[in-house]
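Q: Dumping the structure here so I can ask a few things about it.
Numbering (UniProt numbering), first residue to last: 1 to 353.
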C-alpha cells in the first residue's frame, strides 16, 4: 500500500486500518460500498491471488484466479502509460464486482491515488463537482456525462462499443479521452487509443511490456508476461499495424457466413449508426439458399418515426443489406451494457416458429 493512498478523503496507516474500515462498510454500507469493502478484504488476505469472473471475451465465462503480483504490474503499467502517479485525484464510479472497478482500487493503493468512490450510477460524474485527474467510464455512463467532462483531465472508456456519435460528442471537449482495449484475463486494459484532439486515432497502442500477434483466424493474441503467464488468444479480429499496435475489426464469434461471404455485423453496424437514435444490432437467421441471411433488429420505435429502410440500406454493399427487419420492445443486456446477441437470436427463432 502506497503511503499517499486516500479513499474518500481518508488516509490509512496500515492494512489493519483498511480492514477495519471495510468491516464497517460491510455492516452498514450501501451495496456498492459493500462490494468495494469485500474486495478490499480479499486484496488484503493471505492468498496470493484474487478470484474473478470472466465476461467471455476469450471463450465461455468462467471463474479464474489472477495473481496479485500481476494485478500490481497492471496498475503500474496504467500509471506509466497515462502518467497518473502519486497524488492523482481519481473517480471510481464502476462496480467493484467486476475487474474494472477492482483495478481502480488496486491502482489507487499501489500508485498512491486520492480515490473518490461513488455509486456506479449512469450519471455519477454529473452528481459531483470535484475536479478529477483520472476517470474511468463505460460508454453508457459517458453518454450521460458529456456535459460534465470539463471537470476531468484524463478519461478512459471501456467495457463496450464506443459509437461514432459518442466519439463526435467528445471532439470539442478539453478532456484527454481514450478508448481502452482489454478484458478480465488481461487484468483490464493492455492497449488504448486517443479518441479526441490532435492525437485522435483508430489504432490501439500497447501498454508497457505488451506485444501483439494474430492467429490463423486473424484474431488478436496478446503476449504480456508481466500480467499473464501464457499468451492470451482472443476472439477479436484485428489488423496488426505493428507488434505493439492494431486496428480492431470486430468479434470472430459474431461473424455471419452469408452465401459464402463472411460478414462482420459490427462493421455493418458502424455504417448504420448515423441513421439511428435507438439501440440496434445486425443479426442473422437461417436461410436455405444463403445458409445465413442478415437481419436488422431494433428496439421499439414508439418514440421515433419509422426510418426509410430502403434509403438506409442503399448505403450498404449488396451483401451487407439486411433481408428482414425485426423490432423488440427491449434488448437483453449484460450488466456492463452490452447487447446479449445470442439471446436476441433465440428470440428471433421463437418469432419464426
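All C-beta atoms in this analysis are idealised placements derived from N, C-alpha and C, irrespective of residue type, glycine included.
Return the first residue and the last residue of the alpha helix (DSSP H) that residue 141 is part of.
A: 139-143
Q: Looking at residue 35 and residue 114, is the spacing between their C-beta atoms short of 7 Å?
A: No, the Cβ-Cβ distance between residue 114 and residue 35 is not below 7 Å.
Q: Measure the alpha-carbon distance for residue 84 versus residue 282 and round it to whole angstroms.
A: So the alpha carbons of these two residues sit roughly 39 Å apart.
Q: Say whether the segment 99-111 touches the segment 216-233, bearing in mind that this needs 3 or more beta-carbon pairs closer than 8 Å, one atom from each stretch.
A: no
Q: Quick check on the burial criterion: 16 or more other C-beta atoms within 10 angstroms. Buried or exposed for residue 263?
A: Classification for residue 263: buried.
Q: How far does the alpha helix (DSSP H) with residue 79 in it reach, from first residue to last?
A: 68-82
Q: Per DSSP, what are the beta-bridge partners of residue 2 in this structure?
A: Looking at the DSSP assignment, residue 2 forms no beta bridge with any residue, so it has no partner.
Q: I'd like to check one pair, residue 194 with residue 178: are the Cβ atoms closer than 7 Å?
A: yes
Q: Excluding the 5 residues preceding and the 5 following residue 140 in the sequence, name in chain order all residues of the same chain whose CB lies nearer than 8 Å to its CB.
A: 122, 160 and 337
Q: Would DSSP call residue 108 helix, strand or coil?
A: In the structure shown, residue 108 sits in a helix (DSSP, three-state: H, G or I).
Q: May I have the straight-line CA-CA distance separating residue 373 from residue 318, to the nearest angstrom?
A: Outside the displayed span of the chain (1 to 353) sits residue 373, for which this structure offers no information.
Q: List the DSSP bridge partners of residue 251.
A: 236
Q: If we require 4 or more residues per run, which alpha helix (DSSP H) segments fall completely within the segment 278-314?
A: 309-313
Q: By Cβ distance, which residues of its chain are closer than 6 Å to residue 245, with the 5 residues on each side in sequence left out?
A: Its chain contains 203 and 205 as the residues whose beta carbon lies nearer than 6 Å to that of residue 245, once the 5 sequence neighbours on both sides are disregarded; these appear in chain order.
Q: Please state whether DSSP places residue 256 in a helix, a strand or coil.
A: strand
Q: Measure the CB-CB distance between residue 66 and residue 52 and report whether it falls below 7 Å.
A: Yes, these two residues count as a Cβ contact at 7 Å.
Q: Along the beta strand (DSSP E) that carries residue 28, what are the first and last residues, could you check?
A: No beta strand (DSSP E) holds residue 28; the alpha helix (DSSP H) holding it covers 15-28.
Q: Whose CA, out of 189, 136, 134 and 201, lies closest to the CA of residue 167?
A: Distances from the CA of residue 167 to each of 189, 136, 134 and 201 were compared; the closest alpha carbon is that of 201.
Q: Can the beta-carbon of residue 183 be found closer than 7 Å to that of residue 146?
A: no
Q: If contacts are defined as beta-carbon pairs under 8 Å, then residue 185 and residue 154 qualify, I think. What distance do you get, rounded to the angstrom?
A: Contact flag wrong, Cβ pair sits at about 25 Å.
Q: For the 8 Å Cβ check, are there 3 or more pairs between the segment 281-297 and the segment 244-261?
A: yes
Q: For residue 187, count the other beta carbons within 10 Å of its own beta carbon; 16 or more makes it buried, fewer makes it exposed. Which is it?
A: So residue 187 ends up on the buried side.
Q: Given a cut-off of 7 Å, decide if residue 227 and residue 73 are closer than it, judged by their beta-carbon atoms.
A: yes
Q: Within a Cβ cutoff of 7 Å, which residues of the same chain sit near residue 82, ignoring the five residues on either side of it in sequence?
A: Contacts found: 134 and 154.
Q: DSSP three-state label for residue 178, please.
A: strand
Q: Out of 242, 340, 331 and 10, point me to the one whose CA is closest to residue 112's CA.
A: Taking only the C-alpha atoms, the option nearest residue 112 is 10.
Q: Can you tell which of 63, 131 and 37 has the C-alpha that lies nearest to the C-alpha of residue 152?
A: 131
Q: Determine the closest residue to residue 93 out of 19, 316 and 144, with distance taken between C-alpha atoms.
A: 144
Q: What residue does the beta strand (DSSP E) around residue 114 start on, and which one ends it?
A: 114-117
Q: Who does residue 319 pair with in a DSSP beta bridge?
A: Residue 319 pairs with nothing; no bridge assigned.
Q: Using 7 Å as the threshold, is the C-beta distance between residue 300 and residue 342 below it?
A: Between residue 300 and residue 342, the CB-CB gap reaches or exceeds 7 Å.
Q: Just how far apart, CA to CA, sit residue 297 and residue 162?
A: 19 Å
Q: Can the beta-carbon of residue 252 be found closer than 7 Å to that of residue 240?
A: no
Q: Return helix, strand or coil for residue 154, following the three-state DSSP convention.
A: strand
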